[in-house]
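Here is the structure we will look at, set down as structure tokens.
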Amino acid sequence: MALDDKERLRYSRHLLLKEVGETGQNKLKSANVAVVGCGGLGSPALLYLAASGIGQLTFIDDDEVELSNLQRQIMYKVNHLGQSKAKAAGKVLTSLNNQISLHPVHVRLSAENLDVLLADADFILDCSDNFKTRYLLNTYCLENNKVLISGAAIATQGQVMVFDYRNDSACYACLFPEENGQVAQNCDNFGVLSPLLGVIGSMQALYTVNMILGHHSGSVFKQVDGLTLEQKSFTLFKDPDCLTCSDS
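Residues in the sequence shown are numbered consecutively from 1, following the UniProt record's numbering.
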């Protein structure tokens, strides 16, 4: 799948890198990535994935743009208020890169539509803000050997996690066991430092690109302090009693 002249110009700064080059750019062009959630994390992740030349990009959100979103959801402008986030994102991303295939989906992800929407994606970014969606994506990616790249940011603390289910990885539920009735902490009730979402969403995009290019494999758990910018890395271990991924 050779790059045309416009693509060579568009991605010229990638082509200069020995870590990317034309071979790597073609890998990005052939990649199929899905992003669940087009808000504070999904906005920077989608912008960088589209700019990087991900060939097939699906993004899913059932919400509409509100004024309070504009503090952190950098995809949107005042003229997008009241519009579907997914559809507004589609317009913005098309204006950024009209040489990739964009698939905006205005729907809430559920067990009923999960496989239809995500079956073709090799890498799935969890940019959602609720536990129900996170556990749903975790189980689906685990069962289908897909890579799940999960991000979260609350107040001044952020985290990014990579679960490489192509290998024998610990799962999201190993770290955060599912409990009935738990309420997800989110920006609506705890607030968030705006640029921190840009950091975490960009890290999600960067892990995605690096994995497609073959520069990273395996699972990751990193925490980012939005006040000090310190990062902490943790080794992930499978929970032998995990109700989601254990064999027992």
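Beta carbons are placed, not taken as given, at the ideal position from N, Cα and C, and that holds for glycine. A quick note: this is a predicted structure, and the numbers were derived from the prediction, not measured.
Give every residue of the same chain whose Cβ lies closer than 6 Å to the Cβ of Gly-218, excluding the five residues on either side of it in the sequence, and list them in chain order.
Cβ neighbours of Gly-218 beyond the five flanking positions: Asp-164.
If we require 4 or more residues per run, which alpha helix (DSSP H) segments fall completely within the stretch 89-172?
You should have 114-118 and 131-143.
Applying the 10 Å Cβ sphere with the 16-neighbour rule, what's the burial state of Ser-233?
Under this definition Ser-233 is an exposed residue.
What does the alpha-carbon distance come out to for the pair Leu-213 and Leu-243?
Each residue's alpha carbon lies about 33 Å from the other.
For Lys-238, which of Leu-49, Leu-142, Tyr-76 and Thr-156 has the nearest alpha-carbon?
Per the Cα distances, Leu-142.
For Asp-225, which beta-bridge partners are listed by DSSP?
Per DSSP, Gln-157.
Quick test of your reading: Tyr-11 and Ser-202, contact by CB under 8 Å. State the CB separation rounded to the nearest angstrom.
So it is not a contact: roughly 18 Å between Cβ atoms.
For Ser-43, count neighbouring Cβ atoms within 10 angstroms of its own Cβ and tell me buried if that reaches 16, exposed if not.
Its Cβ being crowded by 16 or more others within 10 Å, Ser-43 is buried.
Is the stretch 87-97 in contact with the stretch 117-136, if contact means three or more CB pairs nearer than 8 Å?
Cβ pair count under 8 Å is below three, so no.
Less than 8 Å between the C-beta atoms of Asp-61 and Lys-77, yes or no?
In this structure, Lys-77 does not lie closer than 8 Å to Asp-61 by Cβ.
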